[in-house]
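Each residue of the sequence shown is one higher than the last, beginning at 1282 in the working numbering. Cβ coordinates follow ideal geometry from the N, Cα and C atoms, glycine included. In this text the structure is predicted, and so the values were computed from the model without any measurement.
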Amino acid sequence: MPESMSGIYFAAAIIATMIVIVALKGVAHRFGLVDAPNERKHHEGVIPIHGGLCMGLVIAASGVLLYVTTGLSDAEWFLVLGVSIFGIMGFLDDLFELAASIRLLIELAVLCVMMIFFDFHLGNLGNLVGLGDVELGILAIPFSIFVIFCVINGVNMLDGVDGLAGGIVFVALGCFLVAAALQGAVVSPILLVVAGAIIGFLFFNARSPWRKKANVFMGDAGSLILGFTLCWCSIAFTQGGGENGQVIMYPMTAVWILALPVIDTVYVVIHRAREGIGIFTPGRDHIHHRLLQLGFSESITTYLLWLVTAILGSVGLAANYANVPEIVMCTTFVGMSALYYLVASRMQRKNAIAE
């Protein structure tokens, strides 16, 4: 894809997303697609949560346009269909608060059908233990579905501070695009549309000198769409599922790029399991809560975690292109995760005693 076209896709997605968000703001209020403050949510006023829906509409429309003009590969179809389906599920959940079990069953069935039909899944985890590549075989599809749900929930769990989740996904997506550029790989225009859509959304969601609070939230539709996109990148870039079947990075490199949502999710799941708390129960045990408890403002917390995502992703990319053994990348990541777990657990206990 020519570099000039890349800029056009990116810029067009920014503008289109901003226009759609403004155009549908009144509709969101009219149909109750809003988030009101309560004992758990401390934002000011009633905020529309149609940001994710708007991003999804722009991405889906771009997919249709690309299909008509240039066609779509099987991998791109998987991305467009996944974004559309997860976006619809998230929108319905934002509007009607669907039962988690019903939504989970539908998403599970859809993913199984899509993975079988498009043959798009994680099959090779790389040489994690120094004894050769770990091949999943018949476990490939179940494991892939497990990974997708973990990453999607990880993004959802980070959506607790203005601009945080969207910014982290944009930085992670940027790392995937840099990796493709370094390898001279062809990048799907849809990824550039997703990146532009995030920027268009963040204009209304992230705090800045000209915006003191979010005017729009992404809702579950946004976290599902963006989480799924990161999963698509992880599979396509590590399994040769992208354009021309090119493998762009080690599987562990993708893990480093997604380190923040992965580490946060692992901590929350283990901590809540030990405490006998439901995994999906709202709580204040996420990584951004740690920084807020340390006295950082919401804006500084957001910027710090964007920076951490960029640093960890850069470390993963540097290790990938320096041909650092995957077992070293894996061991280092596990050690870093364990260290965070110990520090976060200690802070959690201190806060519990203080309360």
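| query | result |
| --- | --- |
| Using DSSP bridges, identify the partner residues of Asn1405. | Glu1416 |
| According to DSSP, which residues form a beta bridge with Pro1329? | Val1315 |
| Going by DSSP in three states, Ser1489 sits in which element: helix, strand or coil? | strand |
| Where do the N-terminal and C-terminal ends of the alpha helix (DSSP H) with His1570 fall, by residue? | Ile1568 to Gln1574 |
| So, does the stretch 1430 to 1450 touch the stretch 1481 to 1489, judging by three or more C-beta pairs under 8 Å? | yes |
| Is it right to say Tyr1602 is buried, meaning 16 or more other beta carbons lie within 10 angstroms of its own, or is it exposed? | exposed |
| Assign Met1628 to one of three DSSP states: helix, strand, or coil. | helix |
| Taking the continuous alpha helix (DSSP H) assigned at Ser1595, which residues delimit it? | Glu1579 to Tyr1602 |
| Roughly how many whole angstroms lie between the Cα atoms of Asp1355 and Phe1399? | 6 Å |
| Rounding to the nearest angstrom, what Cα-Cα distance links Thr1583 and Val1589 in this structure? | 10 Å |
| Would you mind listing the alpha helix (DSSP H) stretches within the stretch 1479 to 1555 that are 4+ residues and don't spill past its ends, in chain order? | 1500 to 1520 and 1532 to 1538 |
| How far does the alpha helix (DSSP H) with Ala1453 in it reach, from first residue to last? | Leu1445 to Leu1463 |
| Measure the CB-CB distance between Pro1542 and Gly1368 and report whether it falls below 8 Å. | no |
| In chain order, what residues of the same chain lie with their CB nearer than 7 Å to the CB of Val1301, ignoring the 5 residues before and after it? | Cys1335, Leu1338 and Val1339 |
| Alpha carbon to alpha carbon, how far is Ile1538 from Leu1406? Give it in angstroms, no decimals. | 15 Å |
| Leaving aside the five residues before and after Ala1535 along the sequence, list all residues of the same chain whose C-beta is less than 6 Å from its C-beta, in chain order. | Ser1515 and Thr1519 |
| Can you give me the C-alpha to C-alpha distance between Ala1380 and Ala1460, rounded to a whole angstrom? | 39 Å |
| Which residues mark the beginning and the end of the alpha helix (DSSP H) in which Leu1385 is found? | Ala1381 to Phe1399 |
| Does DSSP put Ser1469 in a helix, a strand or coil? | coil |
| How should Gly1307 be labelled, buried or exposed, when 16 other C-beta atoms within 10 angstroms of its C-beta is the threshold for buried? | exposed |
| At the level of alpha carbons, what is the spacing between Met1370 and Ile1330? | 14 Å |
| Buried or exposed for Gly1594, going by 16 or more other Cβ atoms inside 10 Å? | buried |
| Report the rounded CA-to-CA distance for Asp1443 versus Gly1455, giving the unit in angstroms. | 20 Å |
| I need the straight-line Cα distance from Ser1719 to Asp1375, nearest angstrom please. | With the chain running from 1282 to 1636 in the structure shown, residue 1719 is simply not present. |
| Throw me the rounded Cβ distance for the Leu1458 and Leu1472 pair, which I believe falls under 8 Å. | 7 Å |
| If you run the structure through DSSP and keep just helix, strand and coil, what is Thr1350? | helix |
| Quick check: is any heavy atom of the ligand COA less than 7 Å from the C-beta of Gly1500? | Ligands displayed in this structure: none; no statement on the ligand COA is therefore possible. |
| Taking C-alpha atoms, which residue in Gln1527, Phe1498 and Ser1365 lies nearest to Asp1316? | Phe1498 |
| Using alpha carbons as the reference points, say which of Met1438, Pro1532, Glu1378 and Leu1360 lies closest to Asn1408. | Pro1532 |
| Taking the straight line between their C-alpha atoms, what separation do you get for Ala1625 and Ile1551? | 12 Å |
| Since Gly1508 and Ile1433 should fall inside the 8 Å C-beta cutoff, what is the C-beta to C-beta distance between them, to a whole number of angstroms? | 3 Å |
| Check Glu1357 in the structure and name its three-state DSSP category. | helix |
| How far does the alpha helix (DSSP H) with Gly1557 in it reach, from first residue to last? | No alpha helix (DSSP H) contains Gly1557, which DSSP labels as neither H nor E. |
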